[in-house]
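The structure appears below as structure tokens.
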Amino acid sequence: MRTALFAIAAGIVSAVGLGCFYRALAKGHLGTVTAISASGAVIPVIVGVVGGEAISLIGAIGIVGTVGGVVLATQTPSGSPVSARGADRTSLAYAVIAAVCFGTYFCLFSEASHGGVAAASLIEGAVSVACLGTAWAVLNGTTPRSKRDAAGRAIKPSAVLVTVGPGLLNTAKKYVPLMITATGIAASGLLDLGASTLFAHASMAGRLGITSTLGGLHPVVTILLSRIVLDERPGNVQTIGVVLAIAGTVLATM
42 MRTALFAIAA GIVSAVGLGC FYRALAKGHL GTVTAISASG AVIPVIVGVV
92 GGEAISLIGA IGIVGTVGGV VLATQTPSGS PVSARGADRT SLAYAVIAAV
142 CFGTYFCLFS EASHGGVAAA SLIEGAVSVA CLGTAWAVLN GTTPRSKRDA
192 AGRAIKPSAV LVTVGPGLLN TAKKYVPLMI TATGIAASGL LDLGASTLFA
242 HASMAGRLGI TSTLGGLHPV VTILLSRIVL DERPGNVQTI GVVLAIAGTV
292 LATM
């Protein structure tokens, strides 16, 4: 029962974190958003200290550095247009929420894994998918019946015949990219499940703070890719904040 409860809680928190994370990515810079969201790895370190784990002076400096880095990374460049600043602030707010959720997820899933890694992974994954699916259905609900009926009455039979051919072509153009996207989503889900399983084993074998922080080093690769592939150029202050947040996250485990 304990494993199930912690796994369910981890699944809910994971779904909220992922939703906020991808929302932040849609509105902001990939490198900045990823670095901020990864700073949530500091939360398990703090939880470990509260639970009795010792922390070194360097680790304490790392926590302070991470917080300072996040503050700097969330600063919007002064030269940005007003609309861009609003989008940046929104994306950064989502990124901070994602960071808190991811850090909390590490703690919850670590507790759940003590009752069995396989069971914890399956329950957490199922709950997370169910939450995300429900959110998608709510946000992308079908058109009300009254509007569908009105639209149906407005369509003439001749218009249906004329649009059948182009409609099939448009359908193909629409669903082929959708299938490619679905394949990518499925691959991401499998990788996420594998990462969660490996994290569960690692957290059982070592300190939660260290495993959480090492698991949060993915922004290094993401930031490099965002610079090379997307040619993103965050402001100087944001760049310093990103570097400080990552460095602080690493120091927090020492």
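Take the sequence shown: its position 18, counting from 1, is numbered 59 in the numbering used here, and each next residue is one higher.
Virtual Cβ for every residue (Gly too), placed ideally from N, Cα, C.
Checklist entry - Just the Cα atoms here: how many angstroms apart are Ala36 and Arg43? => result The structure shown does not extend to residue 36, since the chain spans only 42 to 295, so no value can be given for it.
Next on the checklist: For Ser162, which residues in the same chain have their Cβ closer than 6 angstroms to its Cβ, ignoring the five residues on either side in sequence?
Outcome noted: Ser237 and Thr238
Checklist entry - Hey, Ile49 and Ile164 are a contact pair by Cβ (cut 8 angstroms); roughly how many whole angstroms apart? => result About 6 angstroms separates the two Cβ atoms, so the contact holds.
Checklist entry - In three-state DSSP terms, what is Ile96? => result coil
Checklist entry - Taking buried to mean at least 16 other C-beta atoms within 10 Å of its own C-beta, is His70 buried or exposed? => result With 16 or more other Cβ atoms within 10 Å, it is buried.
Checklist entry - For Asp233, which of helix, strand or coil comes out of DSSP? => result helix
Checklist entry - Quick one: is Gly93 buried, meaning 16 or more other Cβ sit within 10 Å of its Cβ, or exposed? => result exposed
Next on the checklist: Using 8 angstroms as the threshold, is the C-beta distance between Ser169 and Gly52 below it?
Outcome noted: yes
Item to check | Pairwise C-alpha distance: Leu234 and Tyr63 | outcome: So the alpha carbons of these two residues sit roughly 17 angstroms apart.
Checklist entry - Can you name the start and end residues of the alpha helix (DSSP H) that Gly89 belongs to? => result Residues Val83 to Val91.
Next on the checklist: Assuming the contact rule is C-beta atoms closer than 8 angstroms, Ala56 and Cys172 should be a hit. Round their C-beta distance to whole Å, please.
Outcome noted: Cβ atoms of Ala56 and Cys172 come within 8 angstroms of each other, at about 4 angstroms.
Checklist entry - Going along the chain, which residues of its own chain have a beta-carbon closer than 7 angstroms to the beta-carbon of Gly144, five neighbours each way excluded? => result Gly81, Ala82, Val83, Ile84 and Pro85
Item to check | Among Val74, Gly60, Phe47 and Leu59, the one whose alpha carbon lies nearest that of Arg274 | outcome: Val74
Next on the checklist: Considering only their Cβ atoms, is the gap separating Leu113 from Gly289 smaller than 8 angstroms?
Outcome noted: For Gly289 and Leu113, no; Cβs fall outside 8 angstroms.
Item to check | For Val278, the nearest candidate out of Gly157, Gly110, Ala45 and Ile287 (CA to CA) | outcome: Gly110
Next on the checklist: Rounded to whole angstroms, what is the Cα-Cα separation between Ile99 and Ala153?
Outcome noted: 30 angstroms
Item to check | Leu322 and Gly106 closer than 8 angstroms at C-beta | outcome: Residue 322 lies beyond the residue range present for the chain, which begins at 42 and ends at 295; the question has no answer from this structure.
Checklist entry - Do the CB positions of Val108 and His242 come within less than 8 angstroms of each other? => result no
Checklist entry - When burial is assigned at 16 or more other CB atoms within 10 Å of the CB, is Val179 buried or exposed? => result exposed
Next on the checklist: I need the straight-line Cα distance from Val291 to Ala227, nearest angstrom please.
Outcome noted: 31 angstroms
Checklist entry - What's the gap between the Cα of Thr175 and the Cα of Gly60? => result 12 angstroms
Next on the checklist: Beta-carbon within less than 7 angstroms of Ile102's beta-carbon, same chain only, minus the 5 sequence neighbours each way: which residues are those?
Outcome noted: Leu292
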